[in-house]
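Worksheet for the structure shown next.
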Amino acid sequence: MSSAPGWPARLESAGVAVRSLRRSDADEWQAVRARNHDWLRPWDATVPPGAAPRPSSYGVVTRSLLHQAKRGQCLPFVIEVDGRFVGQVTVSNVARGSAQWGSIGYWLSADVAGRGIAPRAVGMVIDHCLGPVGLHRIEICVRPENTNSLRVVEKLGLEQVGYAPRFLHIDGAWRDHRIFAVTAEEAPEGVLVRLQTHQSHQ
Numbered sequence: 005m006s007s008a009p010g011w012p013a014r015l016e017s018a019g020v021a022v023r024s025l026r027r028s029d030a031d032e033w034q035a036v037r038a039r040n041h042d043w044l045r046p047w048d049a050t051v052p053p054g055a056a057p058r059p060s061s062y063g064v065v066t067r068s069l070l071h072q073a074k075r076g077q078c079l080p081f082v083i084e085v086d087g088r089f090v091g092q093v094t095v096s097n098v099a100r101g102s103a104q105w106g107s108i109g110y111w112l113s114a115d116v117a118g119r120g121i122a123p124r125a126v127g128m129v130i131d132h133c134l135g136p137v138g139l140h141r142i143e144i145c146v147r148p149e150n151t152n153s154l155r156v157v158e159k160l161g162l163e164q165v166g167y168a169p170r171f172l173h174i175d176g177a178w179r180d181h182r183i184f185a186v187t188a189e190e191a192p193e194g195v196l197v198r199l200q201t202h203q204s205h206q
């Protein structure tokens, strides 16, 4: 049984569920990723020339993620709507000690985009990280061209704290990223509350 704080977990809000990734998700994961290849390709991480190739099979990737999750180094979550796999939210690079922070990445199937699912899923994970997981700071790095992801951090009220030129190798080249972050002190009631406030003002 895992001793990592806040893992495994299932989170729910307004019809959106976020749950721990499972090895049995392989078929659904592959089907959703195949349908969304063109939609996701501009934002997918790639391997720079000369670097070791990334694992390509779901099984290898999942084994690594779940091993890290048991050690408290990451939290790989699945997004579900009506019991259907529609995306992922992964907390990676979890650092303990004097840092107590992690970085969040996410993707969503095109057929459910624009319905407020990504902000709600990411918001639940942030609140979980700043609560039961015990982290102090969460960071999200977004390409300036990725307007959909920028809307997610906007709706959750995350502040831009930096800009990183040529930060990650994405879609075949080194890409700049805007860096957004939130600390536990900045969101004592959680960021889902901010999402509700944002929606009420629309």
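In this text, residue positions in the sequence shown follow this note's numbering: the first is 5, and each later residue adds one. The C-beta atom is built at its ideal place from N, Cα and C for all residues, glycine as well.
Residue i and residue j closer than 9 Å at C-beta
i, j, result
"G91", "I121", "yes"
"I183", "Q203", "no"
"V116", "G161", "no"
"S24", "W11", "yes"
"K74", "A18", "no"
"A30", "V22", "no"
"R155", "I174", "no"
"P57", "V64", "no"
Candidates the options, of which the one nearest residue i by Cα
i, options, result
"E149", "H173, R179, G161 and K159", "R179"
"E16", "L79, G54, A125 and N152", "A125"
"E143", "P59, R14, P80 and G106", "G106"
"S28", "V93, P52, F89 and R119", "F89"
"S153", "A191, G127 and A38", "G127"
"Q77", "D31, L139, V85 and D48", "L139"
"V95", "Q200, R141 and L172", "R141"
"D48", "A177, A35 and V156", "A177"
"Q200", "H173, H181 and K159", "K159"
"R119", "V85, T50 and E193", "V85"
"F171", "A191, T151, C145 and R37", "C145"
"R26", "R198, A191, T151 and Y62", "Y62"
Residue i, buried or exposed, once every other Cβ within 10 Å from all chains shown has been counted against 16
i, result
"V20", "buried"
"V93", "buried"
"V82", "buried"
"P59", "exposed"
"A35", "exposed"
"P123", "buried"
"A191", "buried"
Identified DSSP bridge partners for residue i
i, result
"I121", "Paired residue(s): none; I121 is not in a bridge."
"F2", "No answer is possible for residue 2: it lies beyond the span of the chain, which begins at 5 and ends at 206."
"S96", "S107"
(message) Any contact between the segment 104-115 and the segment 31-49? By contact I mean 3 or more CB pairs, one from each, below 8 Å.
(response) yes
(request) Could you say if the segment 99-106 and the segment 56-68 meet the contact criterion of at least three C-beta pairs nearer than 8 Å? (result) no
(request) Would you check if the segment 187-197 and the segment 133-144 touch, i.e. whether three or more CB-CB distances between them fall below 8 Å? (result) yes
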